[in-house]
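> Before I ask anything, let me first share the structure, which is written out below as structure tokens.
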Amino acid sequence: MDFNALFLFLQDLQNNNHKEWMDANRKRYQTIRNSFIQWLDELDSKFAAIDPNYYPTSGRKGINRINNNLLFHPNRPVYKDHFAAGLDQRTKQGDFYIQIGINESELAGGYWKPDQKMLSSIREAIDYNGEELVKILNKKSFKQTFGEMYTGKDTLKKAPKGYTADHKHIDLLRHRTFAVIHPLTKKDILKADFTDRIITVYKEMLPFRRYFNEAVTV
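Numbering (my numbering), first residue to last: 26 to 243.
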């Protein structure tokens, strides 16, 4: 994958963020997109080789649209400033997310604002066996890779319904998003060992993702 070409395309796209420019550069876009899909397919094979529970996800299935959803976000530009995909898509919410962009690049995973049914299942898992999640979050290498679990503006200020304020895992129960993020720089992405770094991050995140996937599927 020629990430230099990808970054250059994204920069040109942001400088000309309209359909007319994209139509005129459609062939260039398709070349970059196809290369990105092929790279995702290679990652898909590598993940399957190291994770016996991996759910095969082709690059074509995993890749996200580059168009912004203007119906729900009319003030956004027509096109995104990144290429992104979700692999290991046994559940869409719990996939391993890869984003390569000119303003923000990251590896992430977990559950982003899950629906009420999923959220209830996750909280039940934390109530029943929150110690396992705490152990994962406190692991030294995990903290070095991801820092803390994502805390958004939607974190509850009070205990969720059905749980007491003095619950030993109340700080976790108040979350509405259960995800971790490993930020990337352009320099990281252009290094020869970038794929190795992704695999290392994937392995480190795996117990975290499996905890929540099991919570919503059992």
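Every residue gets a Cβ at the ideal spot worked out from N, C-alpha and C, and that includes glycine.
Going by C-alpha distance, which of M174, G172, I195, Y175 is nearest K182?
Of the listed residues, the one whose Cα sits closest to K182 is I195.
> Would you kindly work out how many angstroms separate the C-alpha atoms of T180 and K216, rounded to a whole number?
36 Å
> What first and last residue would you give for the beta strand (DSSP E) that runs through V205?
203-209
> With a threshold of 16 other CB atoms inside 10 Å of the CB of D191, please say whether the residue is buried or exposed.
exposed
> Is the closest heavy atom of the ligand NAD to the C-beta of L31 under 6 Å?
Annotation note on the ligand NAD: not contained in the displayed structure, which lists no ligands.
> Using beta-carbon positions only, say whether F171 and V205 come within less than 7 Å of one another.
yes
> If you compare alpha carbons, which of F34, F97, D213, I125 is closest to R51?
Looking at the Cα atoms, F34 is the closest of the given residues.
> Please state whether DSSP places F244 in a helix, a strand or coil.
Residue 244 lies beyond the range of the chain shown here (26 to 243); nothing can be said about it.
> Taking F177 as part of the beta strand (DSSP E), name the residues at either end of that continuous run.
Checking the displayed sequence, the identity of residue 177 turns out to be Gly instead of Phe. Looking at the DSSP string, G177 is not in any beta strand (DSSP E), and its letter there is neither H nor E.
> Taking the alpha helix (DSSP H) that G87 belongs to, which residues open and close that run?
84-87
> At what residues does the beta strand (DSSP E) containing G155 begin and finish?
Element bounds for G155: not the beta strand (DSSP E) but the alpha helix (DSSP H), 141-163.
> Can the beta-carbon of I123 be found less than 7 Å from the beta-carbon of I88?
Contact: no.
> Going along the chain, which residues of its own chain have a beta-carbon closer than 6 Å to the beta-carbon of T202, five neighbours each way excluded?
W137, K138, Y175, G177
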